[in-house]
Ligand code: ADP
Ligand code: MG
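In our numbering, the protein residues as written are 478 to 810.
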């Protein structure tokens, strides 16, 4: 009799452990910021937290859109005087300007006069007139942004396209913290935000898109509690007169970046930084990016050129290459 009871208690204990491992989860899709996003969260409040995350993305899209003239960015771009803005707009612009300075303007949110000419956001991409690029570059060059608590003045025009999804991921992470969500995965186009590990305690497997064939993956990165953000020319491009042009612009030339990098992935718990740096590194190339990493640290990266993959030492053992035709270089401090 006694033995039987012990067995029963053990059985209940095992069942409880099994139940806590397969906790409730909630998944939702949303089309925003010009991409399909998928949010999956685990835990008691996963539905509530995920729905709030969705609302936050929609709210940020309304604030940051460059095509919507009623957005706060639209207001800033239409005016040369101070414009009242929300907490989120002030915060993202302040951060973007900091990163812009640190990357010697390889990442530059004042690039809008140039990106507007290329027409990617108006579904009319085409090669602009060289004279128009020249004059847009002058506007970018002389652009001044002033921030005065709650108000922003910009003499040129802003484009948050390279940082908005990272900032959205950061906001979602904060919502998940508030609702005690310990495991979640949020995919925002080329941005993947990971909260904690998988519910079974193992790291997540993040597929890195093959830059020469975006239907396939070039490798898998095991990661947890971080953001994995990839910038690639393959995300948005068009062909004119047999030449392919993509949407990441080198602010020094006004033309699509041509640094030799065809895919730049940045891995950092700082979701906003990961997004901005992935664009910056795509523009500035392997050597300058490695130099930046050695100087500042605080993130990892996977840089891909035609035939070679550069991986920072701390994640080297967590990346599994699927395409053997690429050689791998470990970047050391
Ligand atoms: P994606 O939006 O495809 O994930 P990125 O994060 O690299 O890719 O952002 C690219 C977008 O950022 C472009 O569509 C454009 O709006 C803007 N952009 C292009 N070049 C730059 C640049 N050098 N600095 C800042 N923003 C840029
Ligand atoms: Mg980016």
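In this text, a Cβ means the ideal position worked out from N, Cα and C, and glycines have one as well.
What you are looking at is a predicted structure, and each value in this text was computed from that prediction instead of being measured.
Q. What separation, rounded to the nearest whole angstrom, lies between the Cα atoms of residue 699 and residue 791?
A. Between residue 699 and residue 791, the C-alpha separation is close to 12 Å.
Q.
I'd like to confirm the pairing. Which residues does DSSP put opposite residue 804 in its beta bridges?
A. DSSP output for residue 804 lists 785 as bridge partner(s).
Q: Return the first residue and the last residue of the beta strand (DSSP E) that residue 510 is part of.
A: Segment: none, residue 510 is in no beta strand (DSSP E) and carries neither H nor E.
Q) Which value, in whole angstroms, describes the spacing of the CA atoms of residue 632 and residue 527? A) Approximately 38 Å, taken between the alpha carbons.
Q: Would you kindly check if the distance between the Cβ of residue 752 and the Cβ of residue 643 is under 8 Å?
A: yes
Q.
Please return the same chain residues whose Cβ sits closer than 6 Å to the Cβ of residue 580, not counting the five positions on each side in sequence.
A. 757
Q: Work out the CA separation of residue 546 and residue 754 for me, nearest whole Å.
A: 27 Å
Q. Do residue 669 and the ligand MG come close, with the Cβ less than 7 Å from some heavy atom?
A. Residue 669: no, Cβ never under 7 Å from the ligand MG.
Q.
Just to confirm my understanding: we take residue 664, look at its own chain, exclude 5 residues before and 5 after, and list those with CB closer than 7 Å. What are they?
A. 514 and 515
Q) Should residue 591 go down as buried or exposed, given a rule of 16 or more other Cβ atoms within 10 Å for buried? A) buried
Q.
Using C-beta distances below 6 Å, list every residue in its chain close to residue 492, excluding the 5 sequence neighbours before and after it, in chain order.
A. Interpretation of residue 492 is limited by its pLDDT of 43, a score under 50 that renders its predicted location unreliable; the figure taken from the coordinates is listed afterwards. Answer for residue 492: no residue qualifies.
Q: Could you check the C-alpha separation between residue 764 and residue 562 for me, to the nearest Å?
A: 38 Å
Q: Give the DSSP-derived three-state secondary structure of residue 485 in the structure shown.
A: Confidence at residue 485 is low in this model, with a pLDDT of 41, below 50, so its placement is unreliable and no value can be given for it.
(Q) Restricting to Cα atoms, I'd like to know which of 536, 522 and 570 is closest to residue 508. (A) Checked all of 536, 522 and 570; the closest Cα to residue 508 is 536.
Q. Counting along the chain, where does the beta strand (DSSP E) carrying residue 668 start and finish?
A. 668–672
Q) Who are residue 560's beta bridge partners in DSSP? A) 629
Q.
DSSP has residue 518 in a bridge; who is on the other side?
A. 503 and 661
Q | Per-residue DSSP class, three states only, for residue 678 | A | coil
Q | 8 Å contact criterion, which residue 588 and residue 636 should meet: CB distance rounded | A | 5 Å
Q) Beta carbon of residue 755: closer than 7 Å to some heavy atom of the ligand MG? A) yes
Q. Sorry if obvious, but does the Cβ on residue 590 come closer than 7 Å to a heavy atom of the ligand ADP?
A. no
(Q) Between which residues of its own chain and residue 478 is the CB-CB distance below 6 Å, once the five residues before and five after are set aside? (A) Reliability fails at residue 478, whose pLDDT of 38 lies under 50, so the model's placement of it is uncertain and the value that follows must be treated cautiously. Answer for residue 478: no residue qualifies.
Q. Mind checking whether the beta-carbon of residue 545 lies closer than 7 Å to any heavy atom of the ligand ADP?
A. no
**Q.** Nearest-angstrom Cα separation, counted from residue 690 out to residue 786
**A.** C-alpha separation (whole angstroms): 15 Å.
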